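The sequence shown begins at 20 in our numbering and counts up by one.
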Amino acid sequence: MSEEQLRMNDFRSVGEEQSSDEMPVGYKKTEIGIIPEDWEVKQLGSFTHIRSRRVLPTNVDPETICIELEHIGQGNGRLCAYSKAVESESSKFLFFSGDILFGRLRPYLKKFWFAKQNGICSTEIWPLTVDTSDTHNKFFFYIVQTERFLEASEVSYGTHMPRADWKVLRELQIAVPPFSEQRAIAEVLTDVDNLIESLDNLIRKKQAIKKATMQQLLTGRFRLPGFEGEWKSVTIGSLGSVYGGLSGKNKQDFGEGNAFYVTFLNVLQNIVIDPNQFERVSVPKGESQNIVRKGDLLFNGTSETPDELAMGAAVPDDFGELYLNSFCFGFRIPDQVSWHPLFFAYLFRSCVGREMLRALSQGATRHNLSKSQFLRLVVCVPNYLEQRAITSILLDMDAEIEVLESRRDKIKQIKLGMMQQLLTGRTRLLSKEAV
20 MSEEQLRMND FRSVGEEQSS DEMPVGYKKT EIGIIPEDWE VKQLGSFTHI RSRRVLPTNV
80 DPETICIELE HIGQGNGRLC AYSKAVESES SKFLFFSGDI LFGRLRPYLK KFWFAKQNGI
140 CSTEIWPLTV DTSDTHNKFF FYIVQTERFL EASEVSYGTH MPRADWKVLR ELQIAVPPFS
200 EQRAIAEVLT DVDNLIESLD NLIRKKQAIK KATMQQLLTG RFRLPGFEGE WKSVTIGSLG
260 SVYGGLSGKN KQDFGEGNAF YVTFLNVLQN IVIDPNQFER VSVPKGESQN IVRKGDLLFN
320 GTSETPDELA MGAAVPDDFG ELYLNSFCFG FRIPDQVSWH PLFFAYLFRS CVGREMLRAL
380 SQGATRHNLS KSQFLRLVVC VPNYLEQRAI TSILLDMDAE IEVLESRRDK IKQIKLGMMQ
440 QLLTGRTRLL SKEAV
């Protein structure tokens, strides 16, 4: 399915303009709402069950795939990785091709996967199988992704790590269309998933190309046409000075106020800070705080892992009274005719920059960066014109990736809308005869 085919004229909406008191023709009222007359309301447990047969990995073929919670993507139905039976020792559940695997722990309820081969899985994953020949297992794979199913899964037991309760889930009432319509719905939604996956694969490919390009351009291994000459070794401290984020603030100062501040996540996630992510803070007149200026570089001074420490983000403009959160620090370069701030933001996010900053990481459970050590870092950089040319290429690559991500996210939203309509019968697929 292409993006152009994701149009609602491929569907037939029924009863959209009738009032809530008026029953649409061809529909009936049930305990779970209005559904088509030829659909049935069934309890989940009447046509599915959980495969709870435990086996030891030593009792199956050593090459049998073994699925753990971390192997399943969050909310995307993808299998990101897998291990083998020979690598595990604890007891597992058996599953078979066509089963629907989903996490039963409350934090992992949005981990689900449609099995395409036999295997074993963690006992914190439930293999759900369809029992009856008039129920399409791929149709039910999309039922597992609905809010109603997730809400029922959240009625869990246990306090330390709550788990879904099958006694509750099996009583969940589901609107079930005839088998032919189940299959048609599953095929349409599978096509949408395939389109999303193709965009994900393209995004990963573009990101890999960008990463390799950064490695080549930011180290001088590959020179852009028209540039030559030696790069210059400089200490970061010779280029500018650091300043701290907000100080002396308490919880009541945030959420509203006369000024804005740059959040920790804004710095961590963006190569150029996003003004749409600014949040409000109260800073009375005359209070001594450092204002963020155009061309500043912002860094997170703390992180959960060394790999995420001191991710550089550039400030593209002056935003008036703009401040920085207290877990980050700013770096100001006075001479922006010789040094391009965004070049250094890319440099510190590249493999070479990550390697330098990981070496400066301090702490065990929480990693911190010494500003004095940061200022003593020595980096090798080209002249300003080459800095700007490299930055321009990387910005173009980022823009291309951003467009692809936006397209993918839009299709994800379309899929959610389609599921809401198709899995409730509010919108029916056109039969081949009607097309």
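Using N, Cα and C, we set each Cβ at its ideal position, and we do this for glycine too. Just so we're clear, the structure is a prediction, and the values are computed from it rather than from any experiment.
Could you please give the first and the last residue of the uninterrupted beta strand (DSSP E) stretch that includes residue i?
i, result
"residue 220", "Here residue 220 belongs to no beta strand (DSSP E); instead the alpha helix (DSSP H) covers 198-236."
"residue 101", "Element bounds for residue 101: n/a, residue is neither H nor E."
"residue 278", "273-281"
"residue 167", "Unbroken run through residue 167 is the alpha helix (DSSP H), 166-172; no beta strand (DSSP E)."
"residue 342", "341-343"
"residue 122", "119-122"
"residue 132", "131-133"
"residue 113", "111-114"
"residue 309", "First-last for residue 309: undefined, no H or E at that position."
"residue 151", "Here residue 151 belongs to no beta strand (DSSP E), and DSSP marks it neither H nor E."
"residue 448", "446-448"
Tell me the DSSP secondary structure of residue i in three-state form.
i, result
"residue 146", "strand"
"residue 294", "helix"
"residue 181", "coil"
"residue 2", "Since the first residue shown for the chain is 20 and the last is 454, residue 2 is missing from the structure and cannot be characterised."
"residue 192", "strand"
"residue 454", "With a pLDDT of 41 at residue 454, under the threshold of 50, the predicted position of this residue should be treated as unreliable, and no value is reported."
"residue 59", "strand"
"residue 93", "strand"
"residue 69", "strand"
"residue 299", "strand"
"residue 64", "helix"
"residue 285", "helix"
"residue 476", "Here the chain comprises residues numbered 20 to 454, so residue 476 is not present and cannot be evaluated."
"residue 441", "helix"
"residue 48", "strand"
"residue 425", "helix"
"residue 53", "strand"
"residue 253", "strand"
"residue 240", "coil"
"residue 138", "strand"
"residue 316", "strand"
"residue 435", "helix"
"residue 30", "Model confidence at residue 30 stands at a pLDDT of 49, short of 50, so the residue's coordinates are unreliable and nothing is read from them."
Buried or exposed for residue i, please, with buried defined as at least 16 other CB atoms from any protein chain shown within 10 angstroms of its CB.
i, result
"residue 179", "exposed"
"residue 280", "buried"
"residue 315", "buried"
"residue 150", "exposed"
"residue 120", "buried"
"residue 172", "buried"
"residue 153", "exposed"
"residue 236", "buried"
"residue 233", "buried"
"residue 378", "exposed"
"residue 140", "buried"
"residue 258", "buried"
"residue 62", "exposed"
"residue 428", "exposed"
"residue 284", "exposed"
"residue 136", "exposed"
"residue 369", "buried"
"residue 413", "buried"
"residue 118", "buried"
"residue 144", "buried"
"residue 142", "exposed"
"residue 44", "exposed"
Locate the alpha helix (DSSP H) running through residue i, then write down its first and last residues.
i, result
"residue 159", "156-162"
Any beta carbon of chain B sitting closer than 9 Å to that of residue i?
i, result
"residue 143", "Judged by its chain identifiers, the structure shown contains no chain B, having just a single protein chain."
*Mind listing, in chain order, the continuous beta strand (DSSP E) runs of no fewer than 3 residues lying wholly within the stretch 349-419?*
For the stretch 349-419, whole beta strand (DSSP E) runs of length 3 or above, ordered along the chain, are 386-388, 397-400.
*Counting pairs of beta carbons, one from the stretch 313-322 and one from the stretch 347-361, are three or more of them closer than 8 Å?*
Yes, since at least three Cβ pairs between the stretch 313-322 and the stretch 347-361 fall closer than 8 Å, the two stretches touch.
*Spell out a yes or no on whether the stretch 151-158 and the stretch 183-201 are touching, meaning 3 or more CB-CB pairs, one atom from each, closer than 8 Å.*
Touching, yes.
_For the structure I just gave you, are there three or more beta carbon pairs, one from the stretch 82-97 and one from the stretch 115-134, closer than 8 Å?_
With a cut-off of 8 Å, the stretch 115-134 and the stretch 82-97 count as touching, because enough Cβ pairs lie within range.
*Below 8 Å, can you find three or more Cβ-Cβ pairs linking the stretch 373-383 to the stretch 302-312?*
The count of Cβ pairs closer than 8 Å, one atom from the stretch 373-383 and one from the stretch 302-312, stays below three, leaving the stretches out of contact.
*asked:* If contact is defined by three or more beta carbon pairs under 8 Å, each pair taking one atom from either stretch, is the stretch 349-364 in contact with the stretch 212-227?
replied: At 8 Å Cβ cutoff, the stretches do not touch.
*Can we say the stretch 270-277 touches the stretch 433-447, given the rule of at least three CB pairs closer than 8 Å?*
Counting Cβ pairs under 8 Å, fewer than three are found: no touch.
_Stretch-stretch touch, CB-based, cutoff 8 Å, three pairs: the stretch 159-178 with the stretch 106-113_ = Segments in contact, no.
*Do the stretch 387-399 and the stretch 282-291 meet, that is, are 3 or more Cβ pairs less than 8 Å apart?*
Proximity of the stretch 387-399 to the stretch 282-291 falls short of the contact definition, fewer than three beta-carbon pairs being nearer than 8 Å.
*Within the chosen definition, does the stretch 420-432 reach the stretch 252-265 through at least 3 CB pairs nearer than 8 Å?*
They do not touch, by the three-pair rule.
*Three or more beta-carbon pairs under 8 Å between the stretch 261-268 and the stretch 332-345, yes or no?*
Yes, since at least three Cβ pairs between the stretch 261-268 and the stretch 332-345 fall closer than 8 Å, the two stretches touch.
_Within 8 Å, do at least three Cβ pairs link the stretch 199-214 to the stretch 224-232?_
Of all C-beta pairs linking the stretch 224-232 to the stretch 199-214, fewer than three are shorter than 8 Å, placing the two stretches out of contact.
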